[in-house]
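What follows is one structure encoded as structure tokens, with my remarks underneath.
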Amino acid sequence: MTGRDLQPLIPSMAAHARSTYPLECCGLVLADAAGTPRFLPIPNVAGTRAAAGNSDRTRRDGYVMEPRALLEALEQVERNGGRLAVIVHSHPDVGAYFSKEDRDIALGGGGEPLWPDVQYLVISCRAGGVDAARLFTWNPQERDFAEEEVPVVP
Ligand SMILES: [Zn+2]
Numbered sequence: 222m223t224g225r226d227l228q229p230l231i232p233s234m235a236a237h238a239r240s241t242y243p244l245e246c247c248g249l250v251l252a253d254a255a256g257t258p259r260f261l262p263i264p265n266v267a268g269t270r271a272a273a274g275n276s277d278r279t280r281r282d283g284y285v286m287e288p289r290a291l292l293e294a295l296e297q298v299e300r301n302g303g304r305l306a307v308i309v310h311s312h313p314d315v316g317a318y319f320s321k322e323d324r325d326i327a328l329g330g331g332g333e334p335l336w337p338d339v340q341y342l343v344i345s346c347r348a349g350g351v352d353a354a355r356l357f358t359w360n361p362q363e364r365d366f367a368e369e370e371v372p373v374v375p
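Here's what the structure looks like:
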């Protein structure tokens, strides 16, 4: 999926990021059988009992998707012949970059992504609103994530 494919979803993602600011938000871009993407917010449970054992971070500086909502979304999209395309989260006040923790989550502790076809979108949210978004796509030749700016319409 390219930044252009994702651009129509940016307003709903930005609204969600603003609604949880200054906490991180998270969600999924699910493509249906025809490849049409939609954004589905997933509650961020970082720092709560539901996240115990997954992360030491809180919602201020990390995200853990609510496990039941995540599972239901993935089961539903699979039943309908679609797929998980992009994992989305926001960065309050620190910019749209792929942090070390983001990379560790994507790589699952190894040198290869758990899901090489799944992309990551990081949305920068500040007090004034969303000011940047970047899409990170695994490049198997480079064995690294390639970065693409996704224009954000204020
Ligand atoms: Zn992050």
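Residues in the sequence shown are numbered consecutively from 222, following my numbering.
Here a beta-carbon is modelled for each residue, glycine too, at the ideal position from N, C-alpha and C.
Does the Cβ of residue 225 have 16 or more other Cβ atoms within 10 Å, making it buried, or fewer, making it exposed?
-> exposed
Residues that DSSP places opposite residue 293 in a beta bridge | Answer is none; residue 293 lacks a bridge partner.
Which of helix, strand or coil does DSSP assign to residue 340?
-> strand
Within the region 268-324, note down every full beta strand (DSSP E) run reaching 3 residues or more, in order along the chain.
-> 304-313
In or out: residue 296 buried (at least 16 other Cβ within 10 Å) or exposed?
-> exposed
Meets three-Cβ-pair contact criterion under 8 Å: the region 304-318 and the region 248-255 = yes
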